[in-house]
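These notes are about the structure you will find just below.
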Amino acid sequence: MQNGRNAKNSKMEFKLDVDRLLRDELEYELQIRRIDYSGNVEKLRKTLRSALALEKSGNVFSQIIQLDAKTEITICEQKLKELKDIFFTTESSTWPIKKIQCKLAHIFGRVDRISSSEESLLSKRSELVNLIMEFISEFSSKVAYTEEHDVQLPNFPEFFNEQSKEVENSDSDNKLPTVSSLVSSTYKKRKALNPPELDKDALTSNKNPLITGQSTFIISTKPIIRNPYQDEIIQFKEKVAEKITNIIFDCLKSASLEQNTIANVNNLEIKTRIEKCLQNISYNNNHNGERIE
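By our numbering, the letter at position 264 of the sequence shown is numbered 257, and the numbering carries on one by one without gaps.
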């Protein structure tokens, strides 16, 4: 269900993406590779991108810096908690899947490099590894299930809007598609498979665009069903609105004359007068004898 991917053929890929790492994560990845990690975020990303490309081609950077195990465990626990909060407290349509995959790759690699002679720290490290693996398993299962059970929406043209085009064309965080993008895709596919029906009578009449040379087709439409009480309901609403408006204006005018300001308008008085006004206004539906107050 990610944008631009085939749900059935997609696979989980947990790898570093420099564009989805925070500054402290970029600094760590460079530091453990014995590479200078000073400069702004853009510089750090360019440097790490080059380092990863070299590693992919077979060059390995030695880890010569032994970081504090206790600090590293605390940092990784916090980062894992942040990912879980995002995943378990948000709707599936807003999951930043690629970002979560990248962060898990970073966290797992970070935990894997932790070493200590203290038994308690090694035990915590093992527990953290288990928590990461459990989350990866649940994350992968839920994403796969969501992809397999994609929502099929009805073919309602009124749901189609321009915003869905922006969602489809945006270079986002590879999130799961939103409702608008799903509707857009579903509507356009069905529209292509079910073109509008031509008016059969028009094809043999002088209104036939092929005969008269008109540039548009005549499309058959269903008659619009009109509420027989629509005009009366509109008049009733206008009457209520007029009464309420007059009450508010009278209260404002009175307050202005007495206090030379409208700051002391009695809200309770306005509310009371409006309620009393509404009690005296009713819409009588003479067609079925019902009385709506």
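Just so it is clear, CB atoms sit at the ideal spot from N, CA and C, and this is done for glycine as well.
Status (buried if at least 16 other CB within 10 Å, exposed otherwise) for residue i
{"i": "Ala44", "result": "buried"}
{"i": "Thr67", "result": "exposed"}
{"i": "Tyr138", "result": "exposed"}
{"i": "Thr82", "result": "exposed"}
{"i": "Lys49", "result": "exposed"}
{"i": "Glu84", "result": "exposed"}
{"i": "Val136", "result": "buried"}
{"i": "Phe242", "result": "exposed"}
{"i": "Val11", "result": "buried"}
{"i": "Arg26", "result": "buried"}
{"i": "Ile226", "result": "exposed"}
Supposed contact pair residue j and residue i - C-beta distance, whole angstroms, cut 8 angstroms
{"i": "Glu65", "j": "Arg13", "result": "Actually they do not touch by this definition, with Cβ atoms about 20 angstroms apart."}
{"i": "Ile125", "j": "Arg118", "result": "Their Cβ separation, rounded to whole angstroms, is 11 angstroms, which puts Ile125 and Arg118 out of contact at 8 angstroms."}
{"i": "Leu76", "j": "Leu41", "result": "Not a contact, Cβ separation roughly 20 angstroms."}
Of the listed residues the options, nearest to residue i (C-alpha basis)
{"i": "Leu73", "options": "Glu127, Glu111 and Phe242", "result": "Glu127"}
{"i": "Gln59", "options": "Ser110, Lys236, Gly32 and Glu231", "result": "Ser110"}
{"i": "Phe101", "options": "Ile240, Glu112, Leu76 and Val122", "result": "Val122"}
{"i": "Asp105", "options": "Val53, Glu131, Ala62 and Asp224", "result": "Ala62"}
{"i": "Cys69", "options": "Pro89, Ile129 and Leu97", "result": "Leu97"}
{"i": "Cys316", "options": "Ser86, Leu37 and Arg266", "result": "Outside the displayed span of the chain (-6 to 286) sits residue 316, for which this structure offers no information."}
{"i": "Glu16", "options": "Glu6, Arg38, Asp29 and Ile28", "result": "The residue asked about is misnamed: residue 16 is Arg in this sequence, not Glu. It is Arg38."}
Collapsed DSSP secondary structure at residue i in the structure displayed
{"i": "Leu115", "result": "helix"}
{"i": "Phe242", "result": "helix"}
{"i": "Lys232", "result": "helix"}
{"i": "Phe312", "result": "Shown here, the chain extends from -6 to 286; a query on residue 312 therefore has no answer."}
{"i": "Arg13", "result": "helix"}
{"i": "Ser110", "result": "coil"}
Open item on the list: Runs of 4 residues minimum, wholly inside the segment 27 to 89: which ones carry the alpha helix (DSSP H) assignment?
Closed with: Runs found: 34 to 49 and 62 to 81.
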